[in-house]
Structure formats: structure tokens, C-alpha cells
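Colleague: Read left to right, the sequence shown gives residues 339 to 484 (this note's numbering).
Just so you know, even glycine gets a beta-carbon here, dropped at the ideal spot from N, CA and C.
Keep in mind the model is a prediction, meaning the values are calculated, not measured.
The structure is given below, and queries will be raised subsequently.
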Amino acid sequence: MLIIGILAAASVPSLKKNAINARSSAVMNDLRVYSGAFQAYAQEHGDWPPGGSAPGVFPAGMDGYLSATNWSRTTPIGGNYQFATQSPQAGGRYAAVIIIASTTGNPVSSDFNQLSDVDKKLDDGNLNTGNFFLGYRNFPVFVLEH
């Protein structure tokens with residue numbers, strides 16, 4: 339019984355690290371795919387699509403660029419994706435961003451290790467700087483254009 343307990347205790351940190359890594363990789367993949375879709379729209383239309391819709395609501399004009407079902411689902415770290423233009427975040431204003439925002443009953447993870455792991459995979463590893471940071475209400479923000 340003691341040996342089983344020791345083995346279980348030794349494997350828990352490894353399992354937690356694997357779960358964090360899997361969620362971070364999924365968020366990173368989502369943001370890269372979504373970023374590419376928004377940039378394709380901007381290149382073809384000369385500007386970003388209209389922003390300002392609620393979290394999880396499919397952005398207007400993105401039919402054919404983005405899958406409505408994937409955009410509307412809960413993110414791997416909780417909350418929903420939201421596209422915004424001219425967004426005031428962390429003392430700056432950004433032309434285009436993707437925000438991971440909490441919704442009723444669906445909060446974004448506040449696990450610093452989880453959010454830092456996403457930042458390490460996408461950006462500079464610092465949640466206060468770069469193109470992935472914690473913005474308004476500590477929601478994660480991914481900058482598409484400054």
C-alpha cells in the first residue's frame with residue numbers, strides 16, 4: 339500500500355504539468371489559427387472586421403475565414419474568445435486583439451502557471467509585456483496589431 343501511495347504522489351506533478359502543457363498548446367494553436375483568419379480578412383478587405391461583439395459571439399464578416407463553432411466554444415483555459423478593435427488594454431490602445439474573456443459561469447483560469455505557460459509558448463514569457471499579456475480585468479490578450 340505504501341509503495342502505491344509513493345508512486346501516486348510522484349506521478350501527480352507530472353500529470354498536472356502534462357495537463358497544463360496540453361491546454362497551453364491548444365490555446366496557442368487556436369490563437370494562431372484565429373490570428374491567420376483575421377489577418378487574411380484584413381488583407382483582403384483593407385481593414386479588420388468590426389470588433390466589439392460579446393465573448394463567444396462569432397465576429398461579423400468572418401464567415402469563410404473562421405469556423406463559428408470553434409470560436410463559440412469554451413477555450414481550453416476557460417472563458418470565450420472575443421475579437422476587439424481599438425481596444426484599450428494595459429495603458430495602451432491596440433488596433434486589433436483577441437481577448438480570452440470570462441463569461442457568466444465560465445471564468446478564465448487564474449492559474450498563473452497555466453497563463454505563464456501559454457505566454458512562454460506564444461511570446462516572451464512575461465504576462466506584463468509582449469503580444470500576449472494580462473489586460474483589463476486580468477483577461478489574457480493576444481495582440482494582432484499595435
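Strictly by DSSP, which residues pair up with residue 418?
Modeller: DSSP lists 439 as partners of residue 418.
Colleague: Measuring CB to CB, does residue 479 end up less than 8 Å from residue 435?
Modeller: For residue 479 and residue 435, yes; Cβs fall inside 8 Å.
Colleague: On the criterion of 16 or more Cβ atoms from any shown chain inside 10 Å, does residue 353 qualify as buried, or is it exposed?
Modeller: Answer is exposed; the Cβ neighbour count stays below 16.
Colleague: Residue 398 and residue 405 - do their beta-carbons sit closer together than 8 Å?
Modeller: Going by C-beta atoms, residue 405 is not nearer than 8 Å to residue 398.
Colleague: Suppose you measure from the CA of residue 439 to the CA of residue 382; what does that come to, to the nearest Å?
Modeller: Roughly 28 Å between the two C-alpha positions.
Colleague: Suppose the cutoff is 7 Å on Cβ atoms and the five residues either side in sequence are ignored; what does the same chain contact list for residue 378 look like?
Modeller: Result list for residue 378: 403, in chain order.
Colleague: Under the rule that 16 or more other beta-carbon atoms within 10 Å means buried, what is residue 369, buried or exposed?
Modeller: Buried: at least 16 other Cβ atoms inside 10 Å.
Colleague: How many whole angstroms separate the CB atoms of residue 473 and residue 444, which I take to be in contact at a CB cut-off of 8 Å?
Modeller: Wrong, their Cβ atoms sit about 18 Å apart, outside the cutoff.
Colleague: Is the beta carbon of residue 459 less than 8 Å from the beta carbon of residue 363?
Modeller: Yes. Within cutoff.
Colleague: Closest to residue 359 by C-alpha separation, out of 388, 342 and 414, would be which residue?
Modeller: Considering only alpha carbons, the answer is 414.
Colleague: Nearest by alpha-carbon distance to residue 375: which of 450, 393, 356 and 401 is it?
Modeller: Minimum Cα distance to residue 375 is reached at 401.
Colleague: Please state whether DSSP places residue 431 in a helix, a strand or coil.
Modeller: Note: residue 431 maps to strand in three-state DSSP.
Colleague: Whole angstroms is fine: what's the gap from residue 428's alpha carbon to residue 471's?
Modeller: Approximately 9 Å, taken between the alpha carbons.
Colleague: Determine, using beta carbons only, whether residue 432 and residue 393 come nearer to each other than 8 Å.
Modeller: Contact flag unset, no.
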